[in-house]
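Numbering (numbering that gives the first Met the number 0), first residue to last: 0 to 147. Encoded as structure tokens, the structure appears first; notes follow it.
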Amino acid sequence: MSLEQLNKLPPIFKDEGTISVRNVPEVSDAFIASKDAAKKHNITLTRIVSCFVSRCDLSVIDIGFVPTSNGALKKRRLSLKDVDLVEVNEAFPPQYLAVEKSLDLDPGITNLNGRAITWDQPLGGSGSSIIAHMVHELRCGGGKCAGA
């Protein structure tokens with residue numbers, strides 16, 4: 000799809016709205032460096048061992064975490080039992096509860112200090128905020144594997 004075609008996509012929520020499939024916030028922003036650059040600048044805190052992209056109907060987009068996390072775990076032959084910490088970017092309570100129920104998440108390892116509802120984070124900054132939080136929690140709590 001060209002940039003011109005993307006710019007013609009209609010808003011999702013109302014005719015004069017600004018959110019469309021071309022700019023709906025994804026939880027995919029992050030700062031990534033090559034292994035050599037990280038070593039050179041001594042900045043390696045963690046590493047990403049799996050990622051997965053999934054699509055879902057807009058009517059269930061808020062639980063997109065479910066197929067995406069399942070896909071990322073499956074790629075590495077892991078399950079949620081292998082994960083020490085889970086961070087779910089909740090837009091609102093029912094959305095989080097649907098994800099928690101769908102994945103049978105353990106509340107003892109999930110969103111330990113709250114997420115988007117309780118944190119004031121910049122628009123589009125969810126991914127970097129979640130990654131930074133997980134790295135901190137793993138380092139403080141001694142965990143080895145986290146999922147977001």
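Ideal Cβ placement from N, Cα and C applies to all residues, glycine included.
Length of the line joining the Cα atoms of Leu-104 and Pro-66
Those two C-alpha atoms are separated by around 14 Å.
In this structure, how does DSSP classify Thr-67 when only helix, strand and coil are distinguished?
The answer is helix: DSSP assigns Thr-67 an H, G or I state.
To the nearest angstrom, how far is the alpha carbon of Ala-29 from that of Ser-128?
Reliability fails at Ala-29, whose pLDDT of 47 lies under 50, so the model's placement of it is uncertain and no value is given.
DSSP-derived helix/strand/coil call for Val-59:
Val-59 falls in the helix class under three-state DSSP.
For Ser-125 versus Asn-88, is the C-beta distance shorter than 8 Å?
The criterion of a C-beta distance shorter than 8 Å is satisfied by Ser-125 and Asn-88.
Please report how far the alpha carbon of Ser-78 lies from the alpha carbon of His-132, in whole angstroms.
Inter-residue distance for Ser-78 and His-132 is about 21 Å (C-alpha atoms, whole angstroms).
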